[in-house]
Amino acid sequence: DAKTTQPPSMDCAEGRAANLPCNHSTISGNEYVYWYRQIHSQGPQYIIHGLKNNETNEMASLIITEDRKSSTLILPHATLRDTAVYYCIVRFFNTNAGKSTFGDGTTLTVKP
Amino acid sequence: EAQVTQNPRYLITVTGKKLTVTCSQNMNHEYMSWYRQDPGLGLRQIYYSMNVEVTDKGDVPEGYKVSRKEKRNFPLILESPSPNQTSLYFCATSPSGSRGYTFGSGTRLTVV
């Protein structure tokens, strides 16, 4: 699996956009980029994923660079409830798609 | 309601006493996986399964066994638990390699 690198922590003001970066410079053409978040000790929650195009859903937007070596998760209007640990992972979508390695994630703190 | 159900939620046991943590899903997902989470070490994959009777080791399989005899169930077996297996365990399921995982609520295991 390609490894991912994220900053250990970030702060964001409530109502502002939170931009969380992730480096995955060794990603292969057979791997998606996934983002999850975990609030306290709850089970991680899937947010969004993408291959090479930018993606948007009701929770967030995902921007993947053209060379696919990095991505940014954007929470457009962060709220206090978005305070969580955010994990960026890469995962094969064909053979060996069961293997998923999580890194240390980024602790996002949204402040009033 | 689509869900991943883990049992028990909390368990305290003694060293060497065999135990099973169950995981069941009602979404007909093909992929199932077990993770453990320890402070400072993030989420680490123990075993995963890509279909019935197809299982493979994750990053930390030592001391654990799994089986996938039917699609909906993926139990995690600790034949002889030791204190270093004290952890928070999560089961996760996914319909395919190109979709995100849905996580269970977790099982907090303490081995004394």
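Protein sequences, first through last, are from chains A and B.
Here the numbering used here is used: the first residue of the first sequence is 49, the next is one more, and so on.
Here the numbering used here is used: the first residue of the second sequence is 690, the next is one more, and so on.
The C-beta atom is built at its ideal place from N, Cα and C for all residues, glycine as well.
Quiz prompt | Contact list for residue 77 of chain A against chain B, beta-carbon separation under 7 Å | solution = Here residue 77 of chain A refers to the residue found at position 29 of the first sequence. Within chain B, no residue has its CB atom less than 7 Å from the CB of residue 77 of chain A, the nearest being about 14 Å off.
Exercise. Using a Cβ-Cβ cut-off of 8 Å, state whether residue 734 of chain B counts as contacting chain A.
Key: Locating residue 734 of chain B in the second sequence gives position 45, where the first residue counts as 1. Under the Cβ distance rule, residue 734 of chain B counts among the residues neighbouring chain A, one pair being separated by less than 8 Å.
Quiz prompt | Cross-strand partners of residue 753 of chain B (DSSP beta bridge) | solution = The residue you call residue 753 of chain B lines up with position 64 of the second sequence. Residue 753 of chain B pairs with nothing; no bridge assigned.
Self-check item: Same chain only: Cβ atoms within 6 Å of residue 766 of chain B, ignoring 5 sequence neighbours per side
Solution: Position 77 of the second sequence, counting from 1, holds the residue named residue 766 of chain B. Once the five neighbours on either side are set aside, the close Cβ partners of residue 766 of chain B are 709, 754.
Practice problem: Starting from the C-beta of residue 745 of chain B, find all residues in its chain whose C-beta is less than 8 Å away, skip the five residues before and the five after it, and write them out in chain order. | Solution: Numbered from 1 along the second sequence, position 56 holds the residue referred to as residue 745 of chain B. Counting only Cβ-Cβ distances below 8 Å, and skipping sequence neighbours, we find 736, 737, 738, 739.
Exercise. Select from the segment 728-756 of chain B all residues with a C-beta closer than 8 Å to any C-beta belonging to chain A, and list them in chain order.
Key: The residues in question are 731, 732, 733, 734, 737, 738, 739, 745, 747, 748.
Quiz item: How would you list, in chain order, the residues of chain A whose beta-carbon sits under 8 Å from the beta-carbon of residue 794 of chain B?
Solution: Reading the second sequence from its first residue, position 105 is the one you call residue 794 of chain B. Simply 90, 91.
Quiz item: Leaving out five residues before and five after residue 80 of chain A in sequence, what residues of the same chain have Cβ atoms less than 6 Å from its Cβ?
Solution: The count along the first sequence starts at 1 and reaches residue 80 of chain A at position 32. Once the five neighbours on either side are set aside, the close Cβ partners of residue 80 of chain A are 97, 99, 139, 141.
Quiz prompt | Three-state secondary structure assigned by DSSP to residue 92 of chain A | solution = For the purposes of this step, residue 92 of chain A is taken as the residue at position 44 of the first sequence. Residue state, collapsed to three classes: coil.
Quiz item: Given that residue 779 of chain B touches chain A, what residues does it touch there, using C-beta distances under 7 Å?
Solution: Position 90 of the second sequence holds residue 779 of chain B. Here the neighbours are 91.
Quiz item: The beta strand (DSSP E) spanning residue 159 of chain A covers which residue range?
Solution: Here residue 159 of chain A refers to the residue found at position 111 when the first sequence is read from its first residue. Per DSSP, residue 159 of chain A belongs to the beta strand (DSSP E) from 154-159.
Quiz item: Between the Cα of residue 102 of chain A and the Cα atoms of A/122, A/135, A/91, which residue gives the shortest distance?
Solution: As a position in the first sequence, residue 102 of chain A is number 54, starting the count at 1. Nearest C-alpha to residue 102 of chain A: A/122.
Quiz item: So residue 733 of chain B packs on residue 749 of chain B, CB below 8 Å; how close in whole Å?
Solution: Walking along the second sequence from the start, residue 733 of chain B turns up at place 44. Walking along the second sequence from the start, residue 749 of chain B turns up at place 60. The Cβ separation is near 5 Å, so the contact holds.
Quiz prompt | residue 793 of chain B beta carbon less than 8 Å from that of residue 777 of chain B | solution = To locate residue 777 of chain B, count along the second sequence from 1; it is residue 88. To locate residue 793 of chain B, count along the second sequence from 1; it is residue 104. One thing to note: residue 777 of chain B has its Cβ no nearer than 8 Å to the Cβ of residue 793 of chain B.
Quiz item: What are the boundary residues of the beta strand (DSSP E) that residue 121 of chain A is part of?
Solution: Position 73 of the first sequence holds residue 121 of chain A. Looking at the DSSP string, the run of the beta strand (DSSP E) that includes residue 121 of chain A is 118-123.
Quiz item: Is any beta-carbon of chain A found at less than 8 Å from that of residue 791 of chain B?
Solution: Working through the second sequence from its first residue, we reach residue 791 of chain B at position 102. Yes - at least one Cβ of chain A is within 8 Å of the one on residue 791 of chain B.
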